[in-house]
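To start, the structure itself, in C-alpha cells.
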Amino acid sequence: MIEIKGLTKQFGKKPVVEDVTVTIEPGTITSFIGPNGAGKSTLLSMVSRLLEADTGEVLLDQNNVKKWKSSDFAKRVSILKQANYLNVRLTVRELVSFGRYPYSRGRLAAEDEKFVDQAIEYMNLADMEDKYLDELSGGQKQRAFIAMVIAQDTDYILLDEPLNNLDMKHSVQIMKILRKLVDELGKTVVIVLHDINFASVYSDRIVALKNGRLMRNGPTHEIINSEVLREIYDMDIPIQEQNGCRICVYFNSHT
Amino acid sequence: MRLWMLGIAAIVLSFISLFIGAIDITPKDLLNWESDETHIFLISRIPRLLAIILAGAGMSIAGLIMQSLSRNKFVSPTTAGTLDAAKLGILISMLFFTNVTYTQQVIFSFAFALAGTFLFMQILDRIKFKDVIFVPLIGIMYGNILSSITTFFGYEADLLQNISSWLMGSFTLIIAGRYELLYVSIPAIILAYLYANKFTVAGMGEDFARNLGLSYKLVLNIGLVLVAVISTTVVLTVGVIPFLGLIVPNIVSLYLGDNLRKTIPHTAVLGIVFLLICDILGRIIIHPYEIPVNVTVAVIGSAIFLTMLLRGRAYAK
Ligand SMILES: Nc1ncnc2c1ncn2[C@@H]1O[C@H](COP(=O)(O)OP(=O)(O)OP(=O)(O)O)[C@@H](O)[C@H]1O
Ligand SMILES: [Mg+2]
Chain G
1 MIEIKGLTKQ FGKKPVVEDV TVTIEPGTIT SFIGPNGAGK STLLSMVSRL LEADTGEVLL
61 DQNNVKKWKS SDFAKRVSIL KQANYLNVRL TVRELVSFGR YPYSRGRLAA EDEKFVDQAI
121 EYMNLADMED KYLDELSGGQ KQRAFIAMVI AQDTDYILLD EPLNNLDMKH SVQIMKILRK
181 LVDELGKTVV IVLHDINFAS VYSDRIVALK NGRLMRNGPT HEIINSEVLR EIYDMDIPIQ
241 EQNGCRICVY FNSHT
Chain W
1 MRLWMLGIAA IVLSFISLFI GAIDITPKDL LNWESDETHI FLISRIPRLL AIILAGAGMS
61 IAGLIMQSLS RNKFVSPTTA GTLDAAKLGI LISMLFFTNV TYTQQVIFSF AFALAGTFLF
121 MQILDRIKFK DVIFVPLIGI MYGNILSSIT TFFGYEADLL QNISSWLMGS FTLIIAGRYE
181 LLYVSIPAII LAYLYANKFT VAGMGEDFAR NLGLSYKLVL NIGLVLVAVI STTVVLTVGV
241 IPFLGLIVPN IVSLYLGDNL RKTIPHTAVL GIVFLLICDI LGRIIIHPYE IPVNVTVAVI
301 GSAIFLTMLL RGRAYAK
C-alpha cells in the first residue's frame with residue numbers, strides 16, 4: 001500500500017503541493033486529474049522518490065520510501081515521467097530490456113526475456129523492436145517507454161500523462177492493457193490524465209488536485225458529476241450515460 | 001562493421017608497426033637472439049606497440065564514458081578540460097616539490113584530472129542551454145583557461161620547456177622503462193566494461209536511472225575516476241592525443257548504437273586501429289624521420305570531426 005501523508009513541496013516561496021494526504025488503494029487504477037499546474041507531476045515525482053518532499057512523508061508498505069534500498073524500490077514502484085528526453089541510440093528492444101535492470105543488472109535471464117517479449121507485444125511494437133528510438137515517431141517512442149515500465153513488472157506503476165502523443169486507438173489499447181494488469185495480475189496503477197473520459201471509463205478511483213491542494217478523492221462515479229467537475233475545472237460539463245459509461249461532453253462548455 | 005574485422009585489421013597493423021622504423025628489422029633478424037635488431041625490437045618496438053594499444057583503447061573508452069555520462073556526444077577528455085587539468089597537476093607537483101618524483105607527479109596529475117573533470121560536469125549541470133555544440137565549446141574554453149594557468153606558472157617558474165614536451169603526444173620516446181604506467185589503465189578498462197550497463201542506464205538521464213534503481217551519483221563518480229585514471233596514464237607517458245576520445249566512440253555509435261556493453265569492445269579496437277594507422281603514417285611519410293602522432297591524429301581526426309559536425313548535428317541530438 002502507498003500512503004501519502006501531509007505532503008508539501010515549495011518551489012521558491014510558492015507552495016505547489018500543499019498538505020496532500022491520499023492512500024492509493026492496491027489493485028486499482030487511480031487517476032490523478034486537475035488543471036495545468038495543479039501539482040500532479042510534482043506529487044507523482046515525490047511518491048516515486050525522484051523529488052524530495054519538504055514536509056510530510058510517503059509510505060510504501062508502512063515504510064518511508066526514503067528508507068527503501070534503491071534496488072528494492074525499483075522492483076516495487078516504477079514511474080514514467082511526463083516528458084522524456086532520451087538521446088541515447090538504443091533499439092526499442094534494448095530500451096525495454098533495460099526495464100529488467102532491477103532484476104538482471106543487464107544480463108537477461110530467460111525469464112527476463114519473457115517479460116520483455118510480453119511488454120513489446122502489449123505495446124504493439126513487435127515489428128519495430130530492432131529500430132533505434134531516434135527513428136520512431138513521437139507516439140511510437142512513448143509506447144516504447146511504456147513498454148519499458150511494464151517490463152519492469154512492479155506492483156505500483158506510476159504514469160504521468162502516458163497518453164501524450166498517442167492516437168485514439170493506441171490510447172484505448174493502453175488503457176485496456178492497464179486494466180488487464182490490474183484485474184489479472186493485481187497491479188496498482190496511478191495515472192495522470194487530462195482527458196477525463198479516459199479517467200471516467202477506465203479508472204476505479206479519481207484523485208482531483210487544484211492549486212496544489214487535494215480537492216477530491218473517491219470512487220470514479222462520485223467524482224464524475226457536473227457539480228464536482230465545476231469545482232475542479234470551473235466549467236459546466238454535461239454528462240451523458242452511454243452503455244454504462246459516463247461521458248463528459250466538455251467540447252463546447254461554458255467557462 | 002564486425003568486431004572480428006576490426007580485430008584482424010588491428011593484428012595486421014600491429015605487425016606492420018613492429019617492422020617499420022628508422023632501422024630495418026625483418027622477422028628473420030629476430031631468429032638471432034643476440035642481434036642488435038632483436039634488442040631494438042624488445043626495448044623499443046614492442047613497448048611502442050603496447051603503448052599505442054593501451055592509449056588507443058584507453059582514450060577511446062574514456063571518451064565513450066564521458067559522452068554517456070554527460071549525455072553529450074561531443075564531450076571527451078580533450079573537450080572537457082580533463083587533459084589540461086592533468087597537465088596542470090604535473091606542473092603543480094613540480095612547483096610543490098623541489099625534487100619531484102614520478103609517483104608524486106602521477107598522484108597530482110590524477111587528482112587534478114579528476115577534480116577538473118568533476119568541475120566541468122558541475123558546470124554542465126548548471127547551464128540551461130545544453131546544445132550539442134555549445135557544451136563542448138564551453139569545455140574547450142574551460143580547458144584553455146586551465147592550460148593558460150599552466151603556461152603562466154610554467155613561465156614564471158621557468159618550466160616552460162618541460163611543459164611543451166608534454167603537449168606533444170608522441171610515441172617516439174616510448175621505450176622499455178618509460179611506458180609501464182600505462183598498464184594501470186588495464187584494470188580501468190576492464191572495470192569500464194564491467195560497468196557498461198550501469199553507464200548506459202546513467203546515460204538515459206537521472207530520472208530514468210533512478211527509476212531503475214541505479215545509484216546514479218555513485219556510478220557517475222566511478223565513471224569520472226576511470227576517465228581520470230586513463231587520461232592521466234596516457235598524458236604522463238605519451239602526451240596529449242586529441243580527438244581520439246571524440247571521434248572513435250561517435251563512429252561506433254553511428255553503426256552500433258549506444259548500448260555500452262555492445263559498443264565498448266568495438267570502441268576499444270577501433271581506437272587501436274585508428275591510432276596504429278596514424279602512428280604508421282607518421283613514421284613512413286618522412287622516413288627515416290617521424291611526425292609525432294598527435295599531428296597525424298589531429299589532421300585526420302579534425303577532418304573526421306568536421307564531417308561529423310556538419311553532417312551529424314541532427315544525429316547527435
Ligand atoms: N522545477 C520547478 N521549479 C519551479 N517551479 C516548478 C518546478 N516544477 C514545477 N513547478 C511549478 O509547480 C507547479 C505544479 O507543477 P506540476 O508540473 O506538478 O503541475 P501538473 O499538475 O503536472 O501540470 P500539467 O497538467 O501541466 O502537467 C506549477 O505551477 C509549476 O510552475
Ligand atoms: Mg504534469
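Which chain is which? The protein sequence lines are G and W, in order.
Those letters in the first sequence? Residues 1 to 255, by the UniProt record's numbering.
Those letters in the second sequence? Residues 1 to 317, by the UniProt record's numbering.
Idealized CB from N, CA, C, for every residue including glycine.
Fair warning: this is a prediction, and the values are worked out from it, not measured in the lab.
query, result
"Neighbourhood of ligand 1 [Cβ distance below 6 angstroms to any heavy atom], ordered by chain position", "G/Phe-11, G/Val-16, G/Gly-34, G/Asn-36, G/Gly-37, G/Ala-38, G/Gly-39, G/Lys-40, G/Ser-41, G/Thr-42 and G/Gln-82"
"Helix, strand or coil at W/Arg-283 [DSSP, three-state]", "helix"
"Same chain, Cβ closer than 7 angstroms to residue 329 of chain W, five either side skipped, listed in chain order", "The structure shown does not extend to residue 329 of chain W, since chain W is modelled only from 1 through 317, so no value can be given for it."
"Proximity test, G/Glu-18 beta-carbon vs ligand 2 heavy atom, cut-off 7 angstroms", "no"
"Cross-strand partners of W/Gln-104 (DSSP beta bridge)", "W/Gln-104 pairs with nothing; no bridge assigned."
"Residues of its chain near W/Ser-109, where Cβ-Cβ distance is below 8 angstroms and the 5 sequence neighbours each way are ignored", "Ala-86, Lys-87, Gly-89, Ile-90, Ser-93, Thr-232, Val-235 and Leu-236"
"Distance cut-off 7 angstroms: G/Val-190 Cβ against heavy atoms of ligand 2", "no"
"Inter-stretch contact (C-beta, 8 angstroms, three-pair minimum) for the stretch 153-160 of chain G and the stretch 41-52 of chain G", "yes"
"Collapsed DSSP secondary structure at G/Gln-152 in the structure displayed", "coil"
"G/Asp-160 beta carbon near ligand 2 (any heavy atom closer than 7 angstroms)", "yes"
"Integer Cβ distance of W/Leu-244 from W/Phe-274, believed to fall under 8 angstroms", "7 angstroms"
"Nearest to W/Ala-111 (by Cα), restricted to the options W/Thr-296, W/Val-227, W/Ile-300 and W/Thr-307", "W/Val-227"
"Between the CA atoms of W/Val-293 and W/Leu-173 - distance to the nearest angstrom", "12 angstroms"
"is_contact[G/Val-189, chain W] using C-beta, thresh 8 angstroms", "no"
"CA-to-CA distance, W/Gly-116 to G/Glu-3, given in whole angstroms", "44 angstroms"
"Residue ranges of each alpha helix (DSSP H) within the stretch 205-250 of chain W, 4 or longer", "206-211 and 216-237"
"Distance CB(W/Gly-271)-CB(W/Val-248) smaller than 8 angstroms", "yes"
"Short Cβ contact (8 angstroms threshold) for G/Ile-223 with G/Ile-206", "yes"
"Cutoff 8 angstroms: W/Gly-213 Cβ touching any chain G Cβ", "yes"
"Residues that G/Asn-217 bridges to, as DSSP identifies them", "G/Val-207"
"Segment contact, 8 angstroms Cβ cut-off, at least three pairs: the stretch 49-69 of chain G with the stretch 41-61 of chain W", "no"
"Under 8 angstroms by beta carbon: chain G residues contacting W/Asp-258", "Val-88, Arg-89 and Leu-90"
"Within-8 angstroms CB hit, G/Lys-81 to chain W", "yes"
"Same chain, Cβ closer than 7 angstroms to G/Asp-134, five either side skipped, listed in chain order", "Arg-89"
"Burial state of G/Gly-6 (16 or more Cβ within 10 Å)", "exposed"
"Cβ pair W/Thr-98, W/Gly-139 closer than 8 angstroms", "no"
"Three or more C-beta pairs below 8 angstroms linking the stretch 219-239 of chain G and the stretch 25-37 of chain G", "yes"
"Beta-carbon proximity check, G/Asp-204 vs G/Thr-21, cutoff 8 angstroms", "no"
"Any non-hydrogen atom of ligand 3 closer than 7 angstroms to G/Phe-73 Cβ", "Among the ligands in the structure shown, ligand 3 does not appear; only ligand 1 and ligand 2 can be found there."
"Between the CA atoms of G/Pro-102 and G/Lys-75 - distance to the nearest angstrom", "6 angstroms"
"With 16 other Cβ atoms within 10 Å as the buried cut-off, status of W/Ser-60", "buried"
"Test: G/Pro-162 CB closer than 8 angstroms to a CB of chain W", "no"
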